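*Asks:* One structure follows; several queries about it will come next.
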Amino acid sequence: MKHLSLYALMVVVAAGISLPCEALEFTAERLSRSGQEVHHARIFYRDHMWRLEYNEPGAVSATIVRADRNQVWHLIPSIHHFRTESYGSDYALHLTIRLDNETSREFIGTQTLDGHPTTLYEVIATGPGGQQETYYQWVATDMNFPLKLVKKDGDWMVEYRDVKLGRLADSFFQLPHRYVPMEP
Numbered sequence: 032m033k034h035l036s037l038y039a040l041m042v043v044v045a046a047g048i049s050l051p052c053e054a055l056e057f058t059a060e061r062l063s064r065s066g067q068e069v070h071h072a073r074i075f076y077r078d079h080m081w082r083l084e085y086n087e088p089g090a091v092s093a094t095i096v097r098a099d100r101n102q103v104w105h106l107i108p109s110i111h112h113f114r115t116e117s118y119g120s121d122y123a124l125h126l127t128i129r130l131d132n133e134t135s136r137e138f139i140g141t142q143t144l145d146g147h148p149t150t151l152y153e154v155i156a157t158g159p160g161g162q163q164e165t166y167y168q169w170v171a172t173d174m175n176f177p178l179k180l181v182k183k184d185g186d187w188m189v190e191y192r193d194v195k196l197g198r199l200a201d202s203f204f205q206l207p208h209r210y211v212p213m214e215p
C-alpha cells in the first residue's frame with residue numbers, strides 16, 4: 032500500500048498537477064537564517080504537525096509542533112522534561128509554493144539544487160507593515176516542493192536539503208514516554 036501511495040503521488044507530480052505541500056510527509060535537513068543567526072535542524076513533517084531536532088552546539092533539543100492541537104512541545108532529552116506553549120504564527124513553516132500576501136511572481140530560470148531540477152522565481156509579497164518584500168524561491172519540479180526561499184536583501188532564508196518523501200511513524204509527533212512537564 033505504501034508503494035502504491037508513493038506511485039500515485041509520482042504520477043500526479045509527473046502530470047503537473049499541483050498538490051499542497053501539506054499533503055506530503057517527508058524528512059529533510061532544514062537550514063534557516065535570520066540576520067546573523069543560523070539554525071540547523073532535522074525536520075519530520077506531516078499534515079499540520081512537525082518535529083524539529085536541532086543540530087547545534089550545546090544541549091540537544093527538539094520541538095514538536097502540533098498546529099492541529101494548537102500546541103508546541105519543547106523537549107529537553109538530557110533531563111526528560113518538556114515545556115508546552117500555544118501554537119502561534121512564529122512556528123509556521125514556509126512550505127507552500129504561493130507565499131502569503133503574494134502580489135506577483137516572475138520566472139527567472141531553472142537550476143539544479145540539491146540534485147533536484149528547480150524553477151527559480153522572484154516573488155513579491157506584501158509584508159506585515161504593508162511594505163513590499165521581494166524573495167527568490169526555488170521550487171523542485173520533480174517533487175512540487177519549495178526547496179529554498181531567500182529574502183532578496185539577504186537578511187532571511189530557509190532551505191530544505193536531502194528531502195525524502197515517505198510515511199512517518201506517529202511517534203515523531205507525540206510526547207516521548209516518561210517525559211514530565213517542567214515546573215513553571
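Sequential numbering of the sequence shown, starting at 32, is according to this note's numbering.
Note that the Cβ used here is the ideal one computed from N, Cα and C, for glycine as well.
Fair warning: this is a prediction, and the values are worked out from it, not measured in the lab.
(1) Tell me, which residues are paired with Arg100 by DSSP?
(2) Take the Cβ of Asn175 as the centre, count every other Cβ of all protein chains shown within 10 Å, and call the residue buried at 16 or more, exposed below.
(3) I need the straight-line Cα distance from Ile155 to Gln142, nearest angstrom please.
(4) Would the beta-carbon of Ala93 fall within 8 Å of that of Glu84?
(5) If you draw a straight line from the alpha carbon of Thr58 to that of Arg136, how long is it in whole angstroms?
(6) Buried or exposed: Glu164, going by 16 or more other Cβ atoms within 10 Å of its Cβ?
(7) Select from Val194, Ile139, Glu214 the residue whose C-alpha is nearest the C-alpha of Phe75.
(8) Go through its chain and collect everything with a Cβ distance to Tyr210's Cβ below 6 Å, but skip five positions before and after it.
(9) Give the secondary structure of Tyr122 by DSSP, where H, G and I count as helix, E and B as strand, and everything else as coil.
(10) Where do the ends of the beta strand (DSSP E) carrying Leu83 lie?
(11) Here's a check: name, in chain order, each residue in its chain whose Cβ is nearer than 7 Å to the Cβ of Gly20, leaving out the five neighbours to either side.
(12) Could you give the distance in angstroms between the alpha-carbon of Gln205 and the alpha-carbon of Ile95?
(13) Relative to the C-alpha of Thr149, which residue among Leu178, Thr134, Asp131 is closest?
(14) Are there 16 or more other CB atoms within 10 angstroms of the CB of Val69, so buried, or fewer, so exposed?
(15) CB-CB under 8 Å to Gly158, same chain, minus the five flanking residues each way: which ones, in chain order?
(16) Determine the DSSP secondary structure at Gly47, reduced to helix, strand or coil.
(17) With a CB to CB cut of under 8 Å and the five nearest residues on each side skipped, what residues in its chain are close to Thr134?
(18) Please classify Arg129: is it buried, with 16 or more other beta-carbons within 10 angstroms of its beta-carbon, or exposed?
(19) Which class does Asp193 belong to by DSSP, given the choice of helix, strand or coil?
*Replies:* According to the structure data:
(1) Answer is none; Arg100 lacks a bridge partner.
(2) Buried.
(3) 20 Å
(4) yes
(5) Cα to Cα, Thr58 sits roughly 28 Å from Arg136.
(6) Classification of Glu164: buried, given that the 10 Å Cβ count is 16 or more.
(7) Val194
(8) Answer for Tyr210: His111, Phe113, listed in chain order.
(9) helix
(10) 80-85
(11) Residue coverage of the chain in this structure runs from 32 to 215, which leaves residue 20 outside it and unanswerable.
(12) Computed Cα separation, rounded: 8 Å.
(13) Leu178
(14) exposed
(15) Asn132, Glu164
(16) Confidence at Gly47 is low in this model, with a pLDDT of 36, below 50, so its placement is unreliable and no value can be given for it.
(17) Ile155, Ala156, Thr157, Gln163
(18) exposed
(19) strand
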